[in-house]
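Everything below concerns the one structure shown next.
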Amino acid sequence: MARHGQTDWNLQHKVQGQTDVPLNATGIAQAKELCHEVGKINFDVCFASPLSRAYETAKIATEGKYKIILDDRLSERCFGDIEGKIGDTWMEITGGIDIFDRKLDFGGMGIEPVNAMLARAKDFLDDLRRKYPNDAKILVVAHAGLLRNLHFNIVGYDENTDFATFKIENGELRKYELN
């Protein structure tokens, strides 16, 4: 699983969500760097979010070797009214609301509730398990929030899991095994 390359909004600490912001020059360079890592692996299939920053990263990183399957379930979390807002912390941007608290499961301001995001990620992973053999090599290029939810669906979580502890940088690749 890989996170898309950098965008200008990443640099400005703007909430992107499902706003379709393109890669900047650094993001393109990160996707080319990612190519060195993913080029060593023969993938059976490649999936990407339909948002251009993820799709372009996937195209660059795979050097056109694979048909990239776009899947809406890989889109970033919808952040509704706070998309485009700037702040140093999520609590600052949301006016003190912890939008990552699964018990609160906040869905106001047009923000996709965290439990809906977890379910969307689980649905995608369940599909992979049904459609591909256990030894299939699958590349997924998406967004930090979505990758966080895939990560915790794979490694597990409970009521005490702090989802904010998961960080993945632009252009970073992580390897997982699905059971």
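So the sequence shown is numbered by this note's numbering: it starts at 1121 and just counts up by one. Glycine included, each C-beta is placed from N, C-alpha and C at the ideal position. All values derive from a computational prediction rather than experimental measurement.
Pairing I1288 with L1267 gives a Cβ-Cβ distance under 7 Å. In the three-state DSSP reduction, T1127 falls in the strand class (E or B).
Contact fails between the stretch 1138-1145 and the stretch 1156-1167, because fewer than three Cβ pairs, one in each stretch, are under 8 Å apart. Minimum Cα-Cα distance from T1146 among the listed residues N1290, N1273, E1297 corresponds to N1290. Around the beta carbon of I1189, fewer than 16 other beta carbons lie within 10 angstroms, which makes this residue exposed. For I1213, the uninterrupted alpha helix (DSSP H) run begins and ends at 1210-1214, by DSSP.
Taking all protein chains shown into account, K1187 has fewer than 16 neighbouring C-beta atoms within 10 Å of its C-beta and is therefore exposed.
Nearest to T1281 by alpha-carbon distance, out of D1208, G1215, R1222, I1180, is R1222. If you ignore the 5 residues before and after V1135, its C-beta comes within less than 7 Å of the C-beta of F1199, I1202, E1203, G1204, K1205, I1213, all in its own chain and listed in chain order. If you draw a straight line from the Cα of K1152 to the Cα of I1180, it comes to about 6 Å.
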